[in-house]
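Structure first, then comments.
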Amino acid sequence: LKESGRLLANIVILFGFSGPINCEGYPEVTACADAIFSFDLSLSQYAAILFAFAFAGVIFTIPLKEEKATTDRDSCEELRKTLSNMWQAAQNKAVWQLMLFTLISNTLFMIRNIAQYNANYVWLGLNNFQNQIVWLMENIVFIVGLALIKKYFINTSWRKLNLIGMGIVSTMNLLYLLIIYDVTRNVWFYVIFSTSESFMFTANFLVNVFCIIEVAPANLESVTYALITSTTTAAYPLATALSIALMSFF
1338 LKESGRLLAN IVILFGFSGP INCEGYPEVT ACADAIFSFD LSLSQYAAIL FAFAFAGVIF
1398 TIPLKEEKAT TDRDSCEELR KTLSNMWQAA QNKAVWQLML FTLISNTLFM IRNIAQYNAN
1458 YVWLGLNNFQ NQIVWLMENI VFIVGLALIK KYFINTSWRK LNLIGMGIVS TMNLLYLLII
1518 YDVTRNVWFY VIFSTSESFM FTANFLVNVF CIIEVAPANL ESVTYALITS TTTAAYPLAT
1578 ALSIALMSFF
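Oh and the sequence shown: position 135 is 1472 in the numbering used here, straight run, nothing missing.
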């Protein structure tokens, strides 16, 4: 459901921001001659569409029945118990090693050259239409990939899947060197390998999730899952900070 929502949002952006005003990916004062479509969405119209979907989501929650707690719970005690369980799970050797691996691997995978977006615009002529095709392909490949993993690789060693995933991601990252050194400046070449890289990054995350059941202490599976996914989320701002710090040397 989540990926379906992302897919729909990207379709709206694809058709709404590839017109004469936004055809280069940036707001232009005058109409662009290379526009894909003859129509455009303004930012206010796009915001109104987002509001409509959000409002519809709220409406659909009204019929849901919320079960009342049978006993009064002390919120402070519940918080103390949750933190205690998290600390207990984090002390497990397998759990904290997996957390450390997840943090380091995801941080390294998400370090980006922040000049790449401008380079894509200048070197490849990447416009909003093509950029949204990248996002759409990522959504579609991710959904198909989940189905394939569930059907064919659910019993495959997560260590092997992780190793294969890291190898493919590293290879896809190196392919950008072909663009940097002007071996090829074909925009569709970038679209294809960028999609593959993003899919393998997502697959790597799923592989990390597979092993949670194996390493989680008894009765602490949900807490262990929360720790691993929180560690993955923490990698995003850390990778952004490192990306900016590394670019400062150039």
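The beta carbon of each residue, even a glycine, is placed where N, CA and C say it ideally should be.
- Message: Check whether the segment 1464-1474 and the segment 1344-1359 touch, using three or more Cβ-Cβ pairs below 8 Å as the test.
- Response: With a cut-off of 8 Å, the segment 1344-1359 and the segment 1464-1474 count as touching, because enough Cβ pairs lie within range.
- Item | Pair within 8 Å by beta-carbon distance, Thr1439 and Thr1568 | For Thr1439 and Thr1568, yes; Cβs fall inside 8 Å.
- How about Asn1476 and Leu1583: do their beta carbons lie closer than 8 Å? For Asn1476 and Leu1583, no; Cβs fall outside 8 Å.
- Message: If you reduce the DSSP assignment to three classes, tell me which class Val1546 lands in.
- Response: If DSSP states are grouped into helix, strand and coil, Val1546 belongs with the helices.
- Message: Quick check on the burial criterion: 16 or more other C-beta atoms within 10 angstroms. Buried or exposed for Gly1342?
- Response: By the beta-carbon neighbour count (other beta carbons within 10 angstroms, threshold 16), Gly1342 is exposed.
- Message: So, does the segment 1516-1523 touch the segment 1415-1428, judging by three or more C-beta pairs under 8 Å?
- Response: Segments in contact, no.
- Message: Looking only at its chain, what residues have a beta carbon closer than 6 Å to the beta carbon of Phe1530, apart from the 5 residues adjacent to it on each side?
- Response: Excluding positions up to five away in sequence, the list reads Met1509 and Leu1512.
- Task: Could you pull the start and end residues of the alpha helix (DSSP H) that Leu1511 belongs to?
- Result: Element bounds for Leu1511: Trp1495 to Leu1511.
- C-alpha gap between Ile1491 and Pro1357, whole angstroms: Cα atoms of Ile1491 and Pro1357: separation of roughly 47 Å, rounded to the nearest angstrom.
- Message: Does Ile1373 come out as helix, strand or coil in the three-state DSSP assignment?
- Response: Residue state, collapsed to three classes: coil.
- Item | Phe1392 to Tyr1383 span [Cα, whole Å] | Going by the C-alpha atoms only, they are around 14 Å apart.
- Task: Taking only the alpha-carbon atoms, compute the straight-line gap between Met1503 and Ile1448 and give it to the nearest angstrom.
- Result: Here the C-alpha atom of Met1503 lies approximately 14 Å from the C-alpha atom of Ile1448.
- Message: In whole angstroms, give me the CA-to-CA distance for Val1506 and Ser1580.
- Response: Between Val1506 and Ser1580, the C-alpha separation is close to 17 Å.
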